[in-house]
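Residue numbers (this note's numbering): 483 to 821.
Cβ atoms here follow ideal geometry from the backbone N, Cα and C, with glycine treated the same way.
See the structure below:
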C-alpha cells in the first residue's frame with residue numbers, strides 16, 4: 483500500500499493533481515508524536531540536513547576563529563537563491579580563511595530567481611561557484627579545513643576528513659548508520675546518505691532540545707538553529723518558503739527544505755522534530771505539508787497557526803494575475819488529530 487495523498491491541487495473546484503507523501507514527527511526521546519505514511523523507508527535528505535552538516539564548523543572552533551555570527555552560520559546552512567547578499571557573504575567567509583570562490587568545489591549556476599539571474603546575465607559572462615545555492619555550506623567546509631590545518635583540496639570527496647566529520651555528526655545526531663550501500667552524490671558533489679524519516683525527525687528534536695547530545699554538541703546545535711531562525715533570509719532568500727515561515731515564526735519554528743520534496747523542521751518550544759518526503763519530489767507539495775504539519779502541532783488559537791494555514795493553501799494564478807485554483811492539504815492531513 484502506498485503513502486497517502488497529503489496534498490491536492492485544485493483548478494476551479496476540481497482536483498487536478500494529487501501528491502502523496504510521508505511525514506514523521508518525533509520528540510527527543512524517540513517517541514512518535516504523529517506520523518503519516520511509511521516513515522521507515524530510507525530517503526535522501528539532501529539539503530534539508532545542512533544544519534547538522536554545519537556542526538563541524540561550529541564544534542571545531544572555526545566559526546569563532548573567523549568571527550562568524552548568525553548571518554554566516556545561517557548561510558552555512560543555506561540553500562540560498564544566489565542573490566547579491568548571499569554571494570557577497572559567501573565570498574567574505576572564504577576571504578577570512580584566505581580562500582576564494584575558485585577553491586569551492588560545488589560547481590556554478592545562475593540564481594534561482596529570474597530577476598536576479600537576468601541581472602547576472604547582463605553583468606557577468608558566467609556565474610562563479612559563489613553563486614551556487616550551496617556556496618555557504620561549502621564555504622563552511624573550507625573554513626573548517628583551514629582552521630584544522632587539513633588539506634582542503636578534494637574536500638567534497640567520500641573519505642575526505644571534511645566529509646568524515648559530516649558523516650560522523652549525522653550518525654551521532656539522527657542515530658542511523660550512514661552505510662556506503664545507501665550513499666549517493668548530492669547535486670553540490672558531496673556524499674548524501676539515504677536514512678529513514680523517523681531518524682531525521684528524531685535528530686532535529688534532539689538538536690532543538692539537546693537531549694542525548696554531549697554538552698558541546700548540544701550548545702552548537704542550539705547556536706546553529708537559533709542563527710537560522712534569526713536570519714532566515716540567509717537560509718533561503720526572497721519569497722522562499724523557509725524565509726517566509728521562519729520570519730513569521732520569529733524564533734518559534736525552524737524549517738529547512740531539501741531537494742526532491744524533502745523538508746525538515748523543528749518546534750523548539752515543543753521539543754519536536756519533523757521530517758517530510760513528498761513522493762514525487764514536488765516542492766510545491768512539500769511546502770504545503772510542512773506548513774500544515776506545523777499548524778497542526780501548534781494548534782488552534784495560536785496566531786502563528788493561522789498564518790501557517792494560509793501558507794499551506796497557496797493560490798494559483800494565471801500570468802495575468804487571475805485566481806484559478808490553489809493547493810490544499812488533503813483530508814488525510816487536514817483532519818488529522820495529533821497525539
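- The criterion of a C-beta distance shorter than 8 Å is satisfied by residue 707 and residue 736.
- With contacts defined as CB atoms closer than 8 Å, residue 510 and residue 521 fail to qualify as a contacting pair.
- The alpha-carbon separation between residue 635 and residue 576 amounts to approximately 14 Å.
- Around the beta carbon of residue 555, a 10 Å sphere encloses 16 or more other beta carbons of the protein chains shown; the residue is thus reported as buried.
- When rounded, the separation of the alpha-carbon atoms in residue 542 and residue 797 is 45 Å.
- In the DSSP assignment, the residues bridged to residue 805 are 799.
- Under DSSP, residue 507 takes part in a beta bridge, and its partners are 516 and 756.
- Between the C-alpha atoms of residue 535 and residue 648 there is a straight-line separation of about 5 Å.
- When the five nearest sequence neighbours on each side are left out, the beta carbons in the same chain lying within less than 7 Å of the beta carbon of residue 786 are those of 730, 731, 734 and 780, in order along the chain.
- Sequence-distant Cβ neighbours of residue 638 in its own chain, meaning closer than 6 Å and more than five residues away, are 587, 671 and 672.
- Residue 548 counts as buried, since no fewer than 16 other beta carbons sit within 10 angstroms of its beta carbon.
- Following the DSSP letters along the chain, one finds residue 785 inside the alpha helix (DSSP H) bounded by residues 785 to 793.
- It is roughly 47 Å from the alpha-carbon of residue 605 to the alpha-carbon of residue 657.
- Of the residues 676, 487 and 544, the one whose Cα lies closest to the Cα of residue 630 is 544.
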